[in-house]
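Student:
Numbering (this note's numbering), first residue to last: 4 to 141.
#1: Mind listing, in chain order, the continuous alpha helix (DSSP H) runs of no fewer than 4 residues lying wholly within the segment 55-107?
#2: In the DSSP assignment, find the unbroken beta strand (DSSP E) run with residue 37 in it and report its ends.
#3: Inspect the CB distances between the segment 19-26 and the segment 68-81 and report whether three or more fall short of 8 Å.
#4: Would you call residue 30 buried or exposed, if buried means 16 or more other Cβ atoms sit within 10 Å of its Cβ?
#5: Quick check on residue 99: buried or exposed, where buried means 16 or more other Cβ atoms within 10 Å of its Cβ?
#6: Thinking just about the alpha-carbon of each residue, which of 90, 84, 65 and 68 is nearest to the one in residue 56?
#7: Skipping 5 residues on each side, what residues in its chain have a beta carbon closer than 6 Å to that of residue 81?
#8: Under the rule that 16 or more other beta-carbon atoms within 10 Å means buried, what is residue 68, buried or exposed?
#9: With residue 47 and residue 33 assumed to form a contact (beta carbons below 8 Å), what rounded beta-carbon distance in angstroms separates them?
#10: Within 10 angstroms of the Cβ of residue 41, are there 16 or more other Cβ atoms? Answer buried if so, exposed if not.
#11: CA-CA distance, residue 139 and residue 103?
#12: Residue 58 and residue 79 - do their beta-carbons sit closer together than 8 Å?
Here's what the structure looks like:
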């Protein structure tokens, strides 16, 4: 019997979070493929948290690739996007900036500790406490 070992595949370059990548790509050319098969080539003007995009100087290509339309500006809803192609230098730039930001975080549970609690949900109130062993109505 042959067994396969599944090892994690290392990417050639570190991955970047999608919205950080889109924010860095503003003003640069990109290709957007929509779920209906159309493609849009243009310069990214803006994006929001739902990945809605505004592109300028756009060339829209039909799903068959036989019709082309030049448009001055296009608004694309994020839920219609299937694929985004961003220039490699933008990906490298975002990867480097995210790598530099990672050193500041140290992990842990966060928040400030108070002297009377262990940071675990206000445990250790002493004797009794709410609903502990006094019976009903006493």
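C-beta atoms are modelled at their ideal positions from N, C-alpha and C, and glycine is treated no differently.
Keep in mind the model is a prediction, meaning the values are calculated, not measured.
Tutor: Walking through what the data contain:
#1: 91-104
#2: 32-37
#3: no
#4: exposed
#5: exposed
#6: 84
#7: 53, 54 and 55
#8: exposed
#9: Contact between residue 47 and residue 33 is confirmed by a C-beta separation of about 5 Å, below the 8 Å threshold.
#10: buried
#11: 59 Å
#12: yes
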